[in-house]
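J.: As numbered in the working numbering, residues 11 to 335 make up the sequence shown, in order. Built from N, CA and C at the ideal position, the CB exists for glycine as well. Keep in mind that this is a model prediction, so the values were computed, not measured.
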Amino acid sequence: MLHLTLTPFDQTLAAHGHDALRALRIDTLQVNVGKLCNQTCTHCHVDAGPTRTEIMTRETAEAVLDVVRRYPELHTVDITGGAPELNPYFEYLVEQCRAMGRHVMDRCNLTVFFVRGKEHLPQFLAEHQVEVIASLPCYLKENVDQQRGKGVYDRSIAALQALNTLGYGREGTGLVLNLVYNPLGPKLPPPQAELEADYRDELAKRFSITFNRLYTITNMPINRFLDDLHRSGQYEAYMETLVTSFNTASVGGLMCRNLISVSWDGRLYDCDFNQMLDLPVDGALPQTIHEFDLALLARRQVVTGLHCYGCTAGAGSSCGGAISS
């Protein structure tokens with residue numbers, strides 16, 4: 011394997027006594043099925059929206075399923091987008107992965123349930139016991155609508171109530187509903203446990219909504235949020251916050267250490283953020299889902315960049331929220 015050029019992030023790791031960042035295993039295949047979305051959010055690192063045409067084809071979806079079939083070690087399939095449910099093969103992917111006994115996660119913006127032709131999705135997800143990871147960047151209407159668009163909050167609340175009615179987020183059902191918080195603007199998330207308690211109290215009091223967990227995720231200086239930082243003149247200050255908030259305790263739990271990301275066109279990346287920056291896995295390794303080799307990829311050196319400071323700042327940030335308390 012070729013030795014990757016040291017980046018400033020690699021140098022920070024070394025200064026804190028860490029070796030080069032490597033995967034420890036791959037138990038999760040994160041599949042980005044496209045950039046088409048019914049929303050246009052200010053913090054979106056994917057730059058997703060209603061006009062995007064990048065979409066995973068049936069051929070690529072079949073290649074993904076072939077990899078899942080060949081490697082039982084891949085016990086989780088994490089489907090994301092865009093709004094992943096807008097991909098015409100989303101339900102096929104879910105059905106096939108569940109038939110193979112895999113745990114499936116859907117990273118859902120909630121309002122997609124109100125897109126014409128998608129009204130059946132809550133029932134579909136429940137029938138297939140899909141874990142729903144739902145974006146709700148605040149429990150206050152004005153903050154959500156400011157970040158995600160007018161009317162998003164009301165539709166999101168209605169969607170959560172529909173999921174609760176089906177048993178999501180309720181004890182004993184096995185239907186997991188986790189929420190995702192993103193800060194409004196260039197700042198780190200507050201402590202996850204404290205914010206989860208606030209969400210739980212406010213959503214229960216106002217709407218009788220229950221959920222399993224809240225994940226706090228740092229806004230990444232990528233694509234749309236990066237453009238916003240530059241327009242507002244806050245890029246340098248935000249990057250300084252991320253760099254100076256480096257937390258060595260977060261390194262062991264970084265998402266790139268146990269997953270690999272597949273793009274809509276089948277290319278392989280260390281994480282979804284690297285995918286959006288077009289930073290593929292180490293060039294000495296398989297580059298597409300068609301060449302996937304778990305043994306070669308599971309111990310790979312991770313390609314890093316300045317954005318990696320977003321995952322290690324403060325309590326850390328991963329697909330499963332904060333890494334350390």
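So, under 8 Å CB-CB, Leu-224 and Leu-189 are touching, yes? Tell me the CB distance rounded to an integer number of Å.
T.: Position 214 of the sequence shown, counting from 1, holds the residue named residue 224. Position 179 of the sequence shown, counting from 1, holds the residue named residue 189. The Cβ separation is near 5 Å, so the contact holds.
J.: For Met-115, name the three-state secondary structure that DSSP assigns.
T.: The count along the sequence shown starts at 1 and reaches residue 115 at position 105. Correct three-state label for Met-115: strand.
J.: What are the start and end residues of each continuous beta strand (DSSP E) run of 3 or more residues lying completely inside the stretch 255-316, in chain order?
T.: 269-272
J.: Does the count of Cβ pairs from the stretch 39-48 and the stretch 96-110 closer than 8 Å reach three?
T.: yes
J.: If contacts are defined as beta-carbon pairs under 8 Å, then Met-115 and Asp-88 qualify, I think. What distance do you get, rounded to the angstrom?
T.: Taking the first residue of the sequence shown as 1, we reach residue 115 at position 105. Taking the first residue of the sequence shown as 1, we reach residue 88 at position 78. Yes, Met-115 and Asp-88 are in contact; Cβ-Cβ is about 5 Å, under 8 Å.
J.: State the DSSP-derived secondary structure class of Arg-126, mapped to helix, strand or coil.
T.: For this step, residue 126 is matched to residue 116 along the sequence shown. Here DSSP, grouped into helix, strand and coil, assigns Arg-126 to coil.
J.: Buried or exposed for Gly-92, please, with buried defined as at least 16 other CB atoms from any protein chain shown within 10 angstroms of its CB.
T.: The residue labelled residue 92 in the question sits at position 82 within the sequence shown. Buried: at least 16 other Cβ atoms inside 10 Å.
J.: When the Cα atoms are used, what is the spatial distance from Tyr-245 to His-26?
T.: The sequence position of residue 245 within the sequence shown is 235, counting from 1. The sequence position of residue 26 within the sequence shown is 16, counting from 1. One C-alpha to the other measures close to 25 Å.
J.: With a Cβ-Cβ cutoff of 7 Å, do Pro-132 and Phe-123 count as a contact?
T.: Position 122 of the sequence shown holds residue 132. Position 113 of the sequence shown holds residue 123. A contact, by the Cβ cut-off of 7 Å.
J.: Just tell me which of Leu-213, Gly-315, Arg-112 and Pro-199 has its CA closest to the CA of Gly-324.
T.: Along the sequence shown, one-based indexing puts residue 324 at 314. Of the listed residues, the one whose Cα sits closest to Gly-324 is Pro-199.
J.: Figure out for me which residue from Cys-47, Thr-258 and Val-186 has the closest Cα to the Cα of Ala-24.
T.: Within the sequence shown, residue 24 is the residue found at index 14, counting from 1. Among Cys-47, Thr-258 and Val-186, the Cα nearest to that of Ala-24 is on Thr-258.
J.: Start and end of the alpha helix (DSSP H) containing Asn-222?
T.: Locating residue 222 in the sequence shown gives position 212, where the first residue counts as 1. No alpha helix (DSSP H) contains Asn-222, which DSSP labels as neither H nor E.
J.: Lys-215 to Phe-221, Cα distance in whole Å?
T.: Stepping through the sequence shown from its first residue, residue 215 is reached at position 205. Stepping through the sequence shown from its first residue, residue 221 is reached at position 211. Roughly 13 Å between the two C-alpha positions.
J.: CA-CA distance, Met-11 and Asn-153?
T.: Within the sequence shown, the letter at position 1 stands for residue 11. Within the sequence shown, the letter at position 143 stands for residue 153. Model confidence at Met-11 stands at a pLDDT of 44, short of 50, so the residue's coordinates are unreliable and nothing is read from them.
J.: Just reading off the beta strand (DSSP E) that Ala-332 is part of, what are its end residues?
T.: Taking the first residue of the sequence shown as 1, we reach residue 332 at position 322. Segment: none, Ala-332 is in no beta strand (DSSP E) and carries neither H nor E.
J.: For a test of the three-state rule: what should DSSP assign to Met-11, helix, strand or coil?
T.: Numbered from 1 along the sequence shown, position 1 holds the residue referred to as residue 11. Residue placement at Met-11 is poorly supported in this model, since its pLDDT is 44, which falls under 50; the coordinates still yield a value, given next. In this structure, Met-11 counts as coil in the three-state DSSP scheme.
J.: Determine the burial state of Ala-332: buried for a count of at least 16 other Cβ atoms within 10 Å of its Cβ, exposed for fewer.
T.: Taking the first residue of the sequence shown as 1, we reach residue 332 at position 322. Classification for Ala-332: buried.
J.: On a CA-only basis, which of Asp-29, Asn-48 and Asp-275 is nearest Arg-126? Give me that one, please.
T.: Within the sequence shown, residue 126 is the residue found at index 116, counting from 1. Arg-126 has its Cα closest to that of Asn-48, out of Asp-29, Asn-48 and Asp-275.
J.: Please work out which residues of its chain come closer than 8 Å, Cβ to Cβ, to Pro-296, disregarding the five sequence neighbours upstream and downstream, and give them in chain order.
T.: On the sequence shown, position 286 is the one that residue 296 refers to. Same-chain partners within the cutoff: Leu-278, Phe-302, Asp-303, Leu-306 and Leu-307.
J.: Round the Cβ separation of Leu-187 and Leu-173 to the nearest angstrom and send it over; I've been treating them as touching at under 8 Å.
T.: Looking up residue 187 in the sequence shown gives position 177. Looking up residue 173 in the sequence shown gives position 163. With a contact defined as Cβ atoms closer than 8 Å, Leu-187 and Leu-173 qualify at about 6 Å.
J.: Given 8 Å as the limit, is there contact between the stretch 283-292 and the stretch 76-85, that is, 3 or more CB pairs closer than that?
T.: Using a Cβ-Cβ distance cut-off of 8 Å, the stretch 283-292 and the stretch 76-85 are not in contact, since fewer than three pairs of beta carbons, one from each stretch, lie closer than that value.
J.: With a cut-off of 8 Å on the beta carbons, I'd call His-317 and Leu-287 a contact; round off their distance for me.
T.: Residue numbering aside, residue 317 sits at position 307 when the sequence shown is read from its first letter. Residue numbering aside, residue 287 sits at position 277 when the sequence shown is read from its first letter. Confirmed, about 7 Å.
J.: Please check the pair Thr-121 and Ser-166, which I expect to be a contact at CB under 8 Å, by giving their CB distance rounded to whole angstroms.
T.: Here residue 121 is taken as the residue at index 111 of the sequence shown, counted from 1. Here residue 166 is taken as the residue at index 156 of the sequence shown, counted from 1. With 8 Å as the limit, Thr-121 and Ser-166 qualify as a contact, their Cβ atoms being about 6 Å apart.
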